[in-house]
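Going down the list, the sequences are from chains R and V. Taking numbering that gives the first Met the number 0, the leading residue of the first sequence gets 0, the next gets one more, and so forth. Taking numbering that gives the first Met the number 0, the leading residue of the second sequence gets 0, the next gets one more, and so forth. Beta carbons are placed, not taken as given, at the ideal position from N, Cα and C, and that holds for glycine.
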Amino acid sequence: MINMKVNLAGVELKNPVMEASGTFGSGAEYGEFVDLNRLGAVVTKGVANVPWPGNPTPRIAETCGGMLNAIGLQNPGIDVFARRDIPFLKQYDTKIVVNVCGKTTEDYLEVVARLGDEPVDLLEINISCPNVKEGGIAFGQDPKAVEAITKACKAHAKQPVIMKLSPNVTDITVMAKAAEAGGADAISLINTLTGMKIDVNRRTFALANKTGGLSGPAIKPVAVRMVYQVANAVKVPIIGMGGIQNSEDALEFILAGATAVAVGTANFNNPYATVEVVDGIQTYMEKNGIQDIQELVGAVK
Amino acid sequence: MAKVKETAQVISQERLAEGVYSMWIHSPAIASQAVPGQFISLYCQDGSRLLPRPISLCEIDQEGGRLRIVYRIAGKGTEEFSAYAAGSPVEILGPLGNGFPLEEAEGKRVFLIGGGIGIPPMLETAKALKGEKTMVLGYRDSQMFLKEEFEAVGQVFAATEDGSFGTKGNVLDAIREQGLKGDVIFACGPTPMLRALKAWAAEENMECWLSLEERMACGIGACLACVCQSKDVDSHSHVHNKRICKEGPVFRAEEVEL
Ligand SMILES: Cc1cc2nc3c(=O)[nH]c(=O)nc-3n(C[C@H](O)[C@H](O)[C@H](O)COP(=O)(O)OP(=O)(O)OC[C@H]3O[C@@H](n4cnc5c(N)ncnc54)[C@H](O)[C@@H]3O)c2cc1C
Ligand SMILES: Cc1cc2nc3c(=O)[nH]c(=O)nc-3n(C[C@H](O)[C@H](O)[C@H](O)COP(=O)(O)O)c2cc1C
Ligand code: FES
Numbered sequence: 000m001i002n003m004k005v006n007l008a009g010v011e012l013k014n015p016v017m018e019a020s021g022t023f024g025s026g027a028e029y030g031e032f033v034d035l036n037r038l039g040a041v042v043t044k045g046v047a048n049v050p051w052p053g054n055p056t057p058r059i060a061e062t063c064g065g066m067l068n069a070i071g072l073q074n075p076g077i078d079v080f081a082r083r084d085i086p087f088l089k090q091y092d093t094k095i096v097v098n099v100c101g102k103t104t105e106d107y108l109e110v111v112a113r114l115g116d117e118p119v120d121l122l123e124i125n126i127s128c129p130n131v132k133e134g135g136i137a138f139g140q141d142p143k144a145v146e147a148i149t150k151a152c153k154a155h156a157k158q159p160v161i162m163k164l165s166p167n168v169t170d171i172t173v174m175a176k177a178a179e180a181g182g183a184d185a186i187s188l189i190n191t192l193t194g195m196k197i198d199v200n201r202r203t204f205a206l207a208n209k210t211g212g213l214s215g216p217a218i219k220p221v222a223v224r225m226v227y228q229v230a231n232a233v234k235v236p237i238i239g240m241g242g243i244q245n246s247e248d249a250l251e252f253i254l255a256g257a258t259a260v261a262v263g264t265a266n267f268n269n270p271y272a273t274v275e276v277v278d279g280i281q282t283y284m285e286k287n288g289i290q291d292i293q294e295l296v297g298a299v300k
Numbered sequence: 000m001a002k003v004k005e006t007a008q009v010i011s012q013e014r015l016a017e018g019v020y021s022m023w024i025h026s027p028a029i030a031s032q033a034v035p036g037q038f039i040s041l042y043c044q045d046g047s048r049l050l051p052r053p054i055s056l057c058e059i060d061q062e063g064g065r066l067r068i069v070y071r072i073a074g075k076g077t078e079e080f081s082a083y084a085a086g087s088p089v090e091i092l093g094p095l096g097n098g099f100p101l102e103e104a105e106g107k108r109v110f111l112i113g114g115g116i117g118i119p120p121m122l123e124t125a126k127a128l129k130g131e132k133t134m135v136l137g138y139r140d141s142q143m144f145l146k147e148e149f150e151a152v153g154q155v156f157a158a159t160e161d162g163s164f165g166t167k168g169n170v171l172d173a174i175r176e177q178g179l180k181g182d183v184i185f186a187c188g189p190t191p192m193l194r195a196l197k198a199w200a201a202e203e204n205m206e207c208w209l210s211l212e213e214r215m216a217c218g219i220g221a222c223l224a225c226v227c228q229s230k231d232v233d234s235h236s237h238v239h240n241k242r243i244c245k246e247g248p249v250f251r252a253e254e255v256e257l
């Protein structure tokens, strides 16, 4: 019997595969295609203290092997989310990770505190969204700010806290160490890379927001490199993501040092991507005589 | 009713006009549940193009288990599709969206209005509507794809931008020139056309339903890429952003900002 269970900050996941925040809603839509019970965890879209309308359209643009998005964290706010999305996810035998966003420290803390009374397993604090004017990435590009927001969230959180880092920094290890110093229980990376596309026929930006976050296979090598660097810089577990389309991609992240992985943009291309990654990892372990997935985590030094 | 993602087969491919193609796809699973005004997502074989392309259903043949799409080459994805020959596999997901509310047209005089590449979804809608209907189609020039197929369903009025056939101008020019009257509008086409129809419907006190378009990623309501500004609070985020792929693509005109 091979073991695919992983321990993420004290929470046991049945396998290391989840989907990346914002690409999967709260699971209801993709639940028509995949059995959510098969995922290690479901990560929700970012939730704020109040509803956010998000950015004007066009909000997305395709690029070669990737896409840009500037959704702007549209979300219903914690009240509706807690009433509707958490009970929906509780029907499934999977862990619930709630992605939290805010404009100010107080916004984040309000959501974190509210979630303390809810049956969710982990909190993922998004300090890396490149598409909102205030908050988001502003917290994620300065190590002092990373440490401070992590500390504040930890002080208010009842669940383990995952800090989601931005790749739009000079040295990702500095941010990871700051999160660890602030008490983070785990680290997620990477969020999207800030990019731009210009429509030459209309001579304007492809996105109404001008810039957007690049995701998909185009960013995978950057993400694998950053996971490797961070795995060698901190002790807390890592959730690796960025361009994972199949189990081979996921295994790259695990071998680089990720305890768990998240599948994002690939869902748009293939709604079955998440479970295919679960199955593919299992097949790989069987073929290669790996008993415990732990043997693979960070195995490439 | 459940959405289906499958590798279907191309039955036939035909060029209708400069850059405009018609493809029949064998998909009993989607055809059996689809309604007029709905769309499907087509996935590219070229892996560098990740996002599925939303294309409206032009015809739904439930008995034959076939779907028809009519599309214009707008970029690399549609160019790829146009090269598919009979027998080729084609990756599709559907049926998606809500479709036109045919029941709202019962016993009323219906306008079916299509502009440019918004014309195709009006064909199945026209075929499905049994009552009195007036069809108004707006083209760029005399390459009037699908026009004869509409004529087989009822009376068609055409407008061309270059004046090479019918009324010179747009669909509203044709309606005014011919003095056409109706109670309900079902329409699909470019935003300026939809905006003009919305204003005209308000003046004339007509009911008006419009099929909208926006850039899409998931096509199923999960990513929030495809929103439009709605008057009512939406069911997802409780703001004023309805998802075109889920709550739409067809909306009551007063409901949306264009
Ligand atoms: C609900 C709906 C129904 C549609 N029905 C039809 C139809 O019946 N016939 C038809 O010819 N076209 C239709 N379109 C437009 C069609 O989706 C685009 O022309 C097509 O996606 C262009 O893809 P491309 O790769 O050729 O172009 P590219 O410009 O290379 O595409 C790049 C990206 O932009 C997106 N995109 C480009 N133009 C549009 C557009 N106008 N709307 C939405 N996304 C776009 C593509 O999907 C892709 O993700 C419909 C769009 C929507 C939203
Ligand atoms: C449409 C879209 C919406 C996203 N929304 C969020 C979000 O709400 N919160 C967040 O932390 N990350 C968000 N992300 C980032 C992803 O979770 C992920 O970090 C990134 O896309 C890289 O993974 P991928 O290449 O597999 O998509 C979003 C990404 C996309 C494409
Ligand atoms: S395209 Fe994703 S919500 Fe409509």
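Residue i, DSSP secondary structure in three states
i                : result
HIS25 (chain V)  : strand
GLU285 (chain R) : helix
ASN98 (chain R)  : strand
VAL168 (chain R) : coil
TYR29 (chain R)  : helix
MET205 (chain V) : coil
PRO120 (chain V) : helix
PHE23 (chain R)  : coil
PHE80 (chain V)  : helix
GLN354 (chain R) : This structure leaves residue 354 (chain R) out entirely; chain R is present only between 0 and 300.
GLY76 (chain R)  : helix
MET174 (chain R) : helix
Proximal residues of chain B, C-beta to C-beta of residue i below 8 angstroms
i               : result
ASN74 (chain R) : This model lacks chain B altogether; the protein chains it does include are R and V.
Proximity test, Cβ basis, 9 angstroms: residue i and chain V
i                : result
ASN266 (chain R) : yes
ALA178 (chain R) : no
CYS152 (chain R) : no
GLU304 (chain R) : Here chain R comprises residues numbered 0 to 300, so residue 304 (chain R) is not present and cannot be evaluated.
PHE87 (chain R)  : no
ASN48 (chain R)  : no
PRO52 (chain R)  : yes
MET66 (chain R)  : yes
THR384 (chain R) : For residue 384 (chain R) there is no data in the structure shown, the boundaries of chain R being 0 and 300.
TYR91 (chain R)  : no
GLY212 (chain R) : no
GLY215 (chain R) : yes
GLU28 (chain R)  : yes
ILE124 (chain R) : no
Beta carbon of residue i nearer than 9 angstroms to that of residue j
i                : j                : result
LEU188 (chain R) : ILE238 (chain R) : yes
SER234 (chain V) : GLU256 (chain V) : no
ILE184 (chain V) : ILE112 (chain V) : yes
LEU49 (chain V)  : GLY194 (chain R) : no
GLY256 (chain R) : ASP248 (chain R) : no
PHE338 (chain R) : ALA216 (chain V) : Since the first residue shown for chain R is 0 and the last is 300, residue 338 (chain R) is missing from the structure and cannot be characterised.
ILE39 (chain V)  : PRO53 (chain V)  : yes
ILE95 (chain R)  : ASP120 (chain R) : yes
VAL160 (chain R) : ILE136 (chain R) : no
SER55 (chain V)  : GLY36 (chain V)  : yes
VAL97 (chain R)  : TYR107 (chain R) : no
ALA183 (chain R) : MET162 (chain R) : yes
ASN222 (chain R) : ASN245 (chain R) : Sequence inspection shows Ala at residue 222 (chain R); the Asn mentioned does not correspond to that position. Their beta carbons are not under 9 angstroms apart, which means ALA222 (chain R) does not touch ASN245 (chain R) by this criterion.
PHE258 (chain V) : LEU211 (chain V) : No answer is possible for residue 258 (chain V): it lies beyond the span of chain V, which begins at 0 and ends at 257.
7 angstroms Cβ shell around residue i - same chain, five flanking residues per side excluded
i                : result
GLU148 (chain V) : LEU122
HIS25 (chain V)  : ALA7, GLN8, ILE10, GLY64, ARG65
C-beta neighbour in chain R for residue i, strict 9 angstroms
i                : result
ALA28 (chain V)  : no
VAL226 (chain V) : yes
ILE116 (chain V) : no
HIS25 (chain V)  : no
SER31 (chain V)  : no
ALA1 (chain V)   : yes
GLY97 (chain V)  : The sequence given here places Asn at residue 97 (chain V); Gly does not occur at that position. No, its Cβ sits nowhere closer than 9 angstroms to a Cβ of chain R.
ARG71 (chain V)  : no
Other residues of its chain near residue i: CB distance less than 8 angstroms, five sequence neighbours each side excluded
i                : result
GLY76 (chain R)  : VAL46, ALA47, ASN48, VAL49, PRO50, TRP51
LEU171 (chain V) : MET192, ALA195, LEU196, TRP199
Close Cβ partners of residue i (< 6 angstroms) along its chain, the five nearest in sequence each way excluded
i                : result
PHE156 (chain V) : VAL135, ALA173, GLN177
VAL226 (chain V) : ASN240, ARG242
In chain order, which beta strand (DSSP E) runs of at least 3 residues are fully inside the stretch 108-149 of chain R? 121-125
Kindly provide the ranges of any alpha helix (DSSP H) runs that are 4 or more residues long and lie completely inside the stretch 214-243 of chain R, ordered along the chain. 219-230
Every unbroken beta strand (DSSP E) inside the stretch 128-200 of chain V [3 residues or more]: 132-138, 155-159, 183-187
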